[in-house]
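Residue numbers (our numbering), protein chains in the order written: chain R, 25 to 354; chain B, 25 to 354; chain C, 64 to 277; chain G, 64 to 277.
Backbone N, C-alpha and C fix where the C-beta goes; we use that ideal spot for every residue, glycine too.
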Amino acid sequence: MQRFVNNPDDIVDETVRGFVRAHAELVRLDPGNPRVVVSTAAPVEGKVGVVTGGGSGHEPAFIGYTGRNMVDAVAVGELFSSPTAKSFHDAIEASNGGAGVVVLYGNYAGDNMNVKMAQKLAAKAGIEVLTVVANDDVSSAPKDEREKRRGVAGEIFMWKVGGAKAASGASLAEVRDTAQKAIDACRSVGVGLAPCTLPAVGRPNFAIEPGKMEVGIGHHGEPGVAVEDLKPANEIADEMVRIVLDDHDLPAGTRVAVLVSGLGATPRNELYVLYDRIAAQIEARGLVLAKSYVGDYFTSLEMVGATLTVMALDEELEALLEVETACPGF
Amino acid sequence: MQRFVNNPDDIVDETVRGFVRAHAELVRLDPGNPRVVVSTAAPVEGKVGVVTGGGSGHEPAFIGYTGRNMVDAVAVGELFSSPTAKSFHDAIEASNGGAGVVVLYGNYAGDNMNVKMAQKLAAKAGIEVLTVVANDDVSSAPKDEREKRRGVAGEIFMWKVGGAKAASGASLAEVRDTAQKAIDACRSVGVGLAPCTLPAVGRPNFAIEPGKMEVGIGHHGEPGVAVEDLKPANEIADEMVRIVLDDHDLPAGTRVAVLVSGLGATPRNELYVLYDRIAAQIEARGLVLAKSYVGDYFTSLEMVGATLTVMALDEELEALLEVETACPGF
Amino acid sequence: MATLRNAGSGAIVSEIAAVIVENRAYLSEIDGRIGDGDHGVNMAKGFSRAAERLAGRETSLAEALDALGQVLMSEIGGSMGPLYGMMFIETAEAIEDAETIDVAKFASMLRAGLAGVESVGAAKVGDKTMLDALVPAVETAEAAAAEGKDFPEALAATKQAAIDGRERTRDLVAKIGRASRLGERSKGVLDAGATSCSLIVGALADGIAARLDR
Amino acid sequence: MATLRNAGSGAIVSEIAAVIVENRAYLSEIDGRIGDGDHGVNMAKGFSRAAERLAGRETSLAEALDALGQVLMSEIGGSMGPLYGMMFIETAEAIEDAETIDVAKFASMLRAGLAGVESVGAAKVGDKTMLDALVPAVETAEAAAAEGKDFPEALAATKQAAIDGRERTRDLVAKIGRASRLGERSKGVLDAGATSCSLIVGALADGIAARLDR
Ligand SMILES: Nc1ncnc2c1ncn2[C@@H]1O[C@H](COP(=O)(O)OP(=O)(O)O)[C@@H](O)[C@H]1O
Ligand SMILES: Nc1ncnc2c1ncn2[C@@H]1O[C@H](COP(=O)(O)OP(=O)(O)O)[C@@H](O)[C@H]1O
Ligand SMILES: [Mg+2]
Ligand SMILES: [Mg+2]
Ligand SMILES: [Mg+2]
Ligand SMILES: [Mg+2]
Chain R
25 MQRFVNNPDD
35 IVDETVRGFV
45 RAHAELVRLD
55 PGNPRVVVST
65 AAPVEGKVGV
75 VTGGGSGHEP
85 AFIGYTGRNM
95 VDAVAVGELF
105 SSPTAKSFHD
115 AIEASNGGAG
125 VVVLYGNYAG
135 DNMNVKMAQK
145 LAAKAGIEVL
155 TVVANDDVSS
165 APKDEREKRR
175 GVAGEIFMWK
185 VGGAKAASGA
195 SLAEVRDTAQ
205 KAIDACRSVG
215 VGLAPCTLPA
225 VGRPNFAIEP
235 GKMEVGIGHH
245 GEPGVAVEDL
255 KPANEIADEM
265 VRIVLDDHDL
275 PAGTRVAVLV
285 SGLGATPRNE
295 LYVLYDRIAA
305 QIEARGLVLA
315 KSYVGDYFTS
325 LEMVGATLTV
335 MALDEELEAL
345 LEVETACPGF
Chain B
25 MQRFVNNPDD
35 IVDETVRGFV
45 RAHAELVRLD
55 PGNPRVVVST
65 AAPVEGKVGV
75 VTGGGSGHEP
85 AFIGYTGRNM
95 VDAVAVGELF
105 SSPTAKSFHD
115 AIEASNGGAG
125 VVVLYGNYAG
135 DNMNVKMAQK
145 LAAKAGIEVL
155 TVVANDDVSS
165 APKDEREKRR
175 GVAGEIFMWK
185 VGGAKAASGA
195 SLAEVRDTAQ
205 KAIDACRSVG
215 VGLAPCTLPA
225 VGRPNFAIEP
235 GKMEVGIGHH
245 GEPGVAVEDL
255 KPANEIADEM
265 VRIVLDDHDL
275 PAGTRVAVLV
285 SGLGATPRNE
295 LYVLYDRIAA
305 QIEARGLVLA
315 KSYVGDYFTS
325 LEMVGATLTV
335 MALDEELEAL
345 LEVETACPGF
Chain C
64 MATLRNAGSG
74 AIVSEIAAVI
84 VENRAYLSEI
94 DGRIGDGDHG
104 VNMAKGFSRA
114 AERLAGRETS
124 LAEALDALGQ
134 VLMSEIGGSM
144 GPLYGMMFIE
154 TAEAIEDAET
164 IDVAKFASML
174 RAGLAGVESV
184 GAAKVGDKTM
194 LDALVPAVET
204 AEAAAAEGKD
214 FPEALAATKQ
224 AAIDGRERTR
234 DLVAKIGRAS
244 RLGERSKGVL
254 DAGATSCSLI
264 VGALADGIAA
274 RLDR
Chain G
64 MATLRNAGSG
74 AIVSEIAAVI
84 VENRAYLSEI
94 DGRIGDGDHG
104 VNMAKGFSRA
114 AERLAGRETS
124 LAEALDALGQ
134 VLMSEIGGSM
144 GPLYGMMFIE
154 TAEAIEDAET
164 IDVAKFASML
174 RAGLAGVESV
184 GAAKVGDKTM
194 LDALVPAVET
204 AEAAAAEGKD
214 FPEALAATKQ
224 AAIDGRERTR
234 DLVAKIGRAS
244 RLGERSKGVL
254 DAGATSCSLI
264 VGALADGIAA
274 RLDR
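Here it is in structure tokens:
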């Protein structure tokens with residue numbers, strides 16, 4: 025394993041410590057819980073608190089999106105494993121400005137359970153908590169079972185929109201509704217070319233044969249919808265666009281935001297090669313590219329691969345996406 | 025080769041096209057030369073033009089540092105290969121605001137020749153050009169032969185400082201002198217854990233045995249100063265700090281800026297693990313961490329590894345580093 | 064009629080932890096086939112932490128089970144933190160005040176543990192989860208109690224029921240958790256949680272059997 | 064005395080290009096040992112581009128060499144763009160007005176090419192660069208001319224001198240270019256540029272030899 029690690033059990037603590045150290049002007053650790061990262065601006069009196077959280081190994085997600093006009097507090101889990109209910113609860117406490125807290129997270133069994141329990145704890149503490157569960161990953165369930173779909177890179181748009189809405193002084197219900205609208209407007213797909221390794225395990229926890237690719241792969245290597253021969257970048261881009269837009273079917277003229285993220289070990293130039301084709305395909309379908317993000321925004325350790333997220337914009341979503349933010353992730 | 029590529033010969037064109045498309049608000053292509061990326065703000069009448077350039081495969085370097093208060097125009101070469109004299113010259117032309125142009129580039133045989141020839145062409149066209157050659161890579165030559173050292177990630181600080189100085193309205197000579205001061209204040213080291221592959225070649229162009237690491241590796245896989253057993257992250261961090269600061273020997277109390285960059289396939293969390301230890305070591309030596317950057321800033325295709333750059337700050341350098349910039353690289 | 068003394072039997076929990084730690088790689092590998100490959104890592108971390116806390120302390124089975132539950136609950140996260148956390152906390156509560164544990168008590172403590180799991184997760188038998196090992200174990204223990212089977216026999220039957228349940232998950236299509244996205248393709252592989260659960264039930268049964276006094 | 068007609072001999076350049084393209088992988092591999100592994104890629108790209116431009120066109124050797132030089136110069140970059148670019152441009156210029164090329168002219172055109180290289184790069188013989196193949200070739204050609212050797216003999220000797228020069232780079236320590244950072248560790252490996260240069264000189268000599276009229 026050619027990696028920079030000490031004791032694999034310490035990776036998450038070391039990552040969070042280094043992260044907070046590097047971005048001290050934007051983030052701090054919760055004094056009571058080293059698995060909770062808090063914006064130096066939080067809590068804001070009278071503002072709806074915005075919380076997320078999830079397993080580690082997806083950096084800059086989740087912690088990287090803590091900051092001004094973004095997420096107020098993040099619960100940090102082990103690699104690929106949901107944070108504890110306690111950490112979600114401490115994040116809720118840390119972001120509470122008295123106007124209630126919205127938890128914007130991804131649809132995974134562990135996260136669902138721990139957020140639910142944290143919500144109960146918060147209720148006891150008199151904090152009203154509403155939740156939005158991201159399920160933008162098209163390949164993880166059929167269209168008629170969207171509630172089963174995983175949350176992936178679309179969460180970044182959900183956080184940016186939700187964070188900006190909360191910053192605008194909106195009410196708890198309004199922030200929840202707008203964040204829900206944001207994730208409902210997102211569709212994502214991932215393609216994996218090489219697996220990732222949990223350092224504590226020591227070998228890849230799934231296989232992708234050389235010459236093959238996993239279409240629809242999950243952020244933890246969950247198998248996709250099909251294992252295919254590795255194709256030229258343009259054909260992969262075409263397939264990603266097809267999967268996302270066939271599920272989305274947007275009327276021509278729709279303004280969209282696009283996010284192309286590497287999964288951790290994909291060189292930046294290849295992301296631009298993919299994006300160049302993706303953008304052309306999206307415009308060829310009569311959609312209008314309002315905003316694009318290309319880089320490592322939501323990764324899976326050192327997996328080789330990329331994800332595409334397309335968000336359909338309305339005036340409100342586009343305006344909120346344009347709001348200036350200050351966080352390590354962008 | 026598990027990569028996103030079409031025809032390997034097209035990678036650079038596709039990368040630059042996708043890049044300009046994704047960041048159209050910040051950068052544009054030179055109408056006359058698709059291998060020259062220009063800031064949408066350039067040229068600025070009366071401002072010293074700031075140019076850089078180099079081989080591709082280091083994204084976001086070099087093109088990613090084109091923007092406001094940064095580099096005005098970038099000459100783009102093939103993967104790992106210097107741009108043509110013509111491209112350097114076209115970049116000089118594109119950034120020329122009538123106050124002269126400074127070319128801030130790295131110390132490689134090809135770049136030296138092509139910049140020198142571009143300088144001659146520019147002189148014929150009546151544009152005064154001064155150059156600064158980055159040589160911050162400690163491991164690439166002994167201290168008494170600094171002029172032989174390669175330019176690596178320290179160039180990012182050189183560009184940020186030079187770009188801010190030029191934006192301040194300084195003269196050509198002042199911009200050159202300040203950029204020179206910036207790179208003279210930088211020392212860098214790289215450590216490689218796994219090699220990279222030029223898609224046109226199809227297999228790694230150098231080898232790092234599993235369980236080994238190459239200390240002092242270059243941005244193109246040039247062999248380092250020593251091949252050692254792969255150590256725990258903290259020991260690698262200690263060694264990187266030792267190499268950089270032994271060459272730098274800065275008085276206690278010196279304020280420094282630190283940049284830790286992945287080489288392309290290093291997961292973000294491992295960079296924070298490294299940084300956490302690096303920061304502690306730097307502070308243990310009595311230095312003051314004024315500013316830190318952790319991420320993929322200057323890569324080598326999909327090499328696994330990381331670089332450390334330490335820049336000693338004086339009041340001017342720190343102030344210039346603090347100047348707000350708008351470019352895709354940060 | 065054989066019984067287990069609650070006091071002084073806390074070591075059973077350390078034995079359960081040891082079994083989980085031994086199977087760390089195996090559990091992650093199973094999880095890797097249709098999940099994300101961290102089940103063994105998560106479980107081993109939580110169980111070994113609890114074992115450390117218990118090390119050298121003279122505890123009752125109830126105290127030890129509660130300590131394990133608390134650690135999983137508040138320090139582990141994942142799906143397993145809350146699921147196994149609630150399971151052990153409820154199991155412990157069921158025998159809190161018991162001097163000794165007999166077959167009937169054993170059955171009721173397992174039933175309480177199952178209730179704990181169900182209070183958090185929404186899974187049902189057949190969904191290809193830990194419940195597919197736990198539910199048959201509970202029902203077998205209850206049947207043994209009803210039939211007045213003796214304790215060693217009941218323990219052996221309960222352990223076997225968990226193992227059989229785990230084996231049946233091989234043919235099940237996952238209906239919940241990460242693997243549920245695979246539909247038919249989740250068939251043919253054991254469920255990680257059912258596997259760890261059968262190990263836990265087995266180690267618990269063995270630990271009790273080894274300590275029965277008659 | 065055998066001579067080469069300048070007119071119509073442009074095909075020699077296409078033959079040189081073919082040799083470089085054939086050795087693409089080999090040249091990159093050598094460069095990879097102590098450099099960055101792109102020499103073959105850079106060279107093949109430039110030379111094949113020039114060959115495409117020349118394809119089907121009836122050109123003189125001078126025109127073809129100049130076309131090659133211009134492509135390398137303005138489209139290739141790296142070290143090789145300017146170095147080989149200037150070499151071919153100067154070589155072409157030296158025979159621009161020549162009806163025919165004899166041994167003396169051959170020697171002087173190589174000398175002009177060397178001057179072109181030296182006008183860009185600061186390398187000297189022994190620095191482990193293309194010059195270690197080119198300089199002995201030039202000197203051998205000049206000696207042959209002085210001694211009045213006949214053309215075929217001069218061509219063979221020149222080709223061999225370039226090959227011997229390339230072989231000697233194996234024992235040299237790189238003094239310039241990427242490899243120079245390796246010091247002693249650059250020993251034991253051929254220099255990529257010297258290797259491509261000996262291939263070019265060889266292909267040029269063979270191309271001329273095959274077209275001599277007496
Ligand atoms: N709602 C649930 N009820 C019971 N067991 C569940 C539930 N969801 C998941 N599981 C169990 O969790 C196991 C996976 O655990 P683990 O890998 O540690 O967590 P994660 O799925 O978060 O990575 C599955 O094998 C399954 O048995
Ligand atoms: N100043 C110089 N003069 C002559 N040849 C040089 C000089 N610098 C480098 N070279 C040659 O260039 C070769 C490497 O070329 P190439 O790999 O294409 O360019 P780069 O070094 O930019 O990757 C070396 O093998 C060496 O022979
Ligand atoms: Mg998990
Ligand atoms: Mg090169
Ligand atoms: Mg798992
Ligand atoms: Mg080279």
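Practice task
Spell out whether any CB of chain C is found under 8 Å from the CB atom of N229/R.
Solution key: yes
Problem - Contacts that V11/B makes with chain R (C-beta to C-beta distance below 7 Å) - result: Outside the displayed range of chain B (25 to 354) lies residue 11/B, so it cannot be described from this structure.
Exercise for the section: Work out the CA separation of A281/B and A261/B for me, nearest whole Å. Expected result: 16 Å
Practice task
Could you run through the region 243-263 of chain B and flag, in chain order, every residue whose CB is less than 8 Å away from some CB of chain G?
Solution key: H244, G245, E246 and P247
Exercise for the section: Would you give the residue range spanned by the beta strand (DSSP E) that E238/B belongs to? Expected result: K236 to V239
Exercise for the section: Please confirm whether any heavy atom of ligand 1 lies closer than 7 Å to the CB of I239/C. Expected result: yes
Exercise for the section: Say yes only if the C-beta of N105/G is nearer than 7 Å to one or more non-hydrogen atoms of ligand 2, and no if none qualify. Expected result: yes
Practice task
Quick one: using the 10 Å Cβ neighbour count with 16 as the cut-off for buried, is K189/R buried or exposed?
Solution key: buried
Exercise for the section: Would you list the one or two residues that DSSP bridges to S324/R? Expected result: BP columns for S324/R are empty, so no partner.
Practice task
Step through the CB atoms of chain C and report whether any lies within less than 8 Å of the CB of T398/R.
Solution key: The displayed coordinates of chain R run from 25 to 354. Any statement about residue 398/R would go beyond what the structure contains.
Practice task
Mind checking which residues open and close the beta strand (DSSP E) that includes S192/R?
Solution key: It is not in any beta strand (DSSP E) - S192/R carries neither H nor E in the DSSP assignment.
Handout entry: Completely contained alpha helix (DSSP H) runs for the region 202-272 of chain G, where each covers 4 or more residues
Key = 214-231 and 255-272
Exercise for the section: Could you tell me whether any Cβ in chain G is nearer than 8 Å to the Cβ of D357/B? Expected result: Since the displayed chain B opens at 25 and closes at 354, residue 357/B lies outside it and no answer follows.
Problem - Contact between the region 316-334 of chain B and the region 70-79 of chain C (3+ Cβ pairs under 8 Å) - result: no
Practice task
Could you check the C-alpha separation between E138/G and A115/B for me, to the nearest Å?
Solution key: 15 Å
Practice task
Identify which residue in V134/C, H102/C and I158/C has its Cα closest to the Cα of S142/C.
Solution key: H102/C
Handout entry: Beta bridge counterpart(s) of E252/B as assigned by DSSP
Key = M237/B
Practice task
Please state whether DSSP places T202/R in a helix, a strand or coil.
Solution key: helix
Problem - Outcome for P223/R when other beta-carbon atoms lying within 10 angstroms are tallied against a minimum of 16 - result: buried
Handout entry: Residue burial classification, A114/G (beta-carbon count within 10 angstroms, cutoff 16)
Key = buried
Handout entry: Alpha-carbon to alpha-carbon, V297/B and G286/B
Key = 12 Å
Problem - Sequence-ordered residues whose beta carbon comes within less than 5 Å of a heavy atom of ligand 6 - result: D94/G, G98/G, D99/G, D101/G and H102/G
Problem - Bridge-paired residues (DSSP) for L332/R - result: V213/R and V284/R
Practice task
Tell me whether D33/R sits in a helix, a strand or coil according to DSSP, three-state version.
Solution key: helix
Handout entry: Where the alpha helix (DSSP H) containing P145/C begins and where it ends
Key = M143 to I158
Exercise for the section: Kindly examine ligand 4 and report whether one of its heavy atoms sits closer than 7 Å to the Cβ of S105/B. Expected result: yes
Exercise for the section: Whole angstroms is fine: what's the gap from G228/G's alpha carbon to F214/G's? Expected result: 21 Å
Practice task
For R227/R, collect the residues of the same chain with a Cβ closer than 7 Å to its Cβ; drop the 5 residues on either side in sequence, then sort them by chain order.
Solution key: T221
Exercise for the section: Find out if the Cβ-Cβ distance for the pair N93/R, G187/R is shorter than 8 Å. Expected result: yes
Exercise for the section: Could you tell me whether the Cβ atoms of L269/B and T333/B are closer together than 8 Å? Expected result: no
Exercise for the section: Could you tell me the distance, in whole angstroms, from the CA atom of S105/R to the CA atom of G79/R? Expected result: 4 Å
Practice task
Consult DSSP for Y317/B and reduce its assignment to one of helix, strand or coil.
Solution key: strand
Handout entry: Beta-carbon gap between A107/G and R120/G smaller than 8 Å
Key = no
Practice task
Give the straight-line distance between the Cα atoms of A203/C and F169/C, rounded to the nearest whole angstrom.
Solution key: Per the sequence shown, the amino acid found at residue 203/C is Thr instead of Ala. Approximately 11 Å between the Cα atoms of the pair.
Problem - Min CB distance V104/G to chain B below 8 Å - result: yes
Practice task
Determine the extent of the alpha helix (DSSP H) in which D114/B is found, giving its start and end residues.
Solution key: A109 to S119
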